[in-house]
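This report concerns only the one structure given below.
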Amino acid sequence: MIIRHVPINLYADDTSGNFSKQFNKHIVYYFTLSGLPPRVSNMEYNCHLMCTSNMAGALELADQIVDQMNELATEGVVAYDSGLKQNVLVMSVFLCFQGDSPMDAEITSTPVPGVALHACRMCTLKATNTKDRKTSLYVCRFIGRNAQGERVHILE
Numbered sequence: 672m673i674i675r676h677v678p679i680n681l682y683a684d685d686t687s688g689n690f691s692k693q694f695n696k697h698i699v700y701y702f703t704l705s706g707l708p709p710r711v712s713n714m715e716y717n718c719h720l721m722c723t724s725n726m727a728g729a730l731e732l733a734d735q736i737v738d739q740m741n742e743l744a745t746e747g748v749v750a751y752d753s754g755l756k757q758n759v760l761v762m763s764v765f766l767c768f769q770g771d772s773p774m775d776a777e778i779t780s781t782p783v784p785g786v787a788l789h790a791c792r793m794c795t796l797k798a799t800n801t802k803d804r805k806t807s808l809y810v811c812r813f814i815g816r817n818a819q820g821e822r823v824h825i826l827e
């Protein structure tokens, strides 16, 4: 049987029916097919609704999505390919997760990057306050280079 591997990009957002986003908030998950050029993937008919809820949080919805995607990645599903005129096995994985900064922070259980003093779990880069994040020393340490552009390794 022919296998069709269809990676997807997952996108999550919190939406609302009003301007202030205080009331009637919904968590929405969409997906697009990976590999499409932006002018095509941004077209409305290439953006597919996966799920939405005004009661469950982003991680609660993600739990169900991950379960289904794990099954699709390991077992696949049989579908009919009209071009080949035969059944094919369709399998899929997430190529990437997309969202705005607050949604990314919620999904990854990390602080919102714009206000975090210790934004990375993997390295020792940190600041004592938000003003320190704007210094040239912090920026140099962030990119792993000194003021002359030479690569440096910071140990703390």
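Add 671 to a position in the sequence shown, counting from 1, and you land on the number used in this note's numbering.
All C-beta atoms, glycine included, are put in the ideal place defined by N, C-alpha and C.
A quick note: this is a predicted structure, and the numbers were derived from the prediction, not measured.
- Quick one: grab the DSSP three-state call for C718. Residue numbering aside, residue 718 sits at position 47 when the sequence shown is read from its first letter. Of the three classes helix, strand and coil, the one that applies to C718 here is coil, per DSSP.
**OP:** Quick one: residues in its chain with C-beta nearer than 8 Å to the C-beta of R804, no 5 flanking neighbours on either side, listed in chain order?
**Re:** Residue numbering aside, residue 804 sits at position 133 when the sequence shown is read from its first letter. Counting only residues of its own chain and dropping the five nearest sequence neighbours on each side, R804 has a CB closer than 8 Å to the CB of L788 and A798.
Here's the rule I'm using: 16 or more other beta-carbon atoms within 10 Å means buried, otherwise exposed. How should I674 be labelled? The residue given as residue 674 occupies position 3 in the sequence shown. Label assigned to I674: exposed.
Please tell me whether A744 and V764 are closer than 7 Å, where the distance is taken between their beta carbons. Counting from 1 along the sequence shown, the entry for residue 744 is found at position 73. Counting from 1 along the sequence shown, the entry for residue 764 is found at position 93. Yes.
Check: Quick one: what's got a C-beta closer than 7 Å to T686's C-beta in the same chain, skipping five residues either side?
Finding: Taking the first residue of the sequence shown as 1, we reach residue 686 at position 15. Same-chain partners within the cutoff: H697 and V699.
- [ ] Identify whether M762 lies in helix, strand or coil by the three-state DSSP scheme.
- [x] Your numbering for residue 762 matches position 91 in the sequence shown. DSSP places M762 in strand when its eight states are reduced to three.
I'd like to know whether the C-beta atoms of G736 and F702 end up nearer to each other than 7 Å.
For the purposes of this step, residue 736 is taken as residue 65 along the sequence shown, with counting starting at 1. For the purposes of this step, residue 702 is taken as residue 31 along the sequence shown, with counting starting at 1. Checking the sequence, you will find Ile at residue 736 rather than Gly. Contact flag unset, no.
In the structure shown, what three-state DSSP assignment does N741 receive?
-> Against the sequence shown, residue 741 aligns to sequence position 70. If DSSP states are grouped into helix, strand and coil, N741 belongs with the helices.
(request) Within 10 angstroms of the Cβ of M774, are there 16 or more other Cβ atoms? Answer buried if so, exposed if not. (result) Taking the first residue of the sequence shown as 1, we reach residue 774 at position 103. When all chains shown are included, M774 counts as buried.
| What does C767 pair with, by DSSP beta-bridge criteria? | In the sequence shown, the residue the question calls residue 767 occupies position 96. DSSP output for C767 lists N680 as bridge partner(s).
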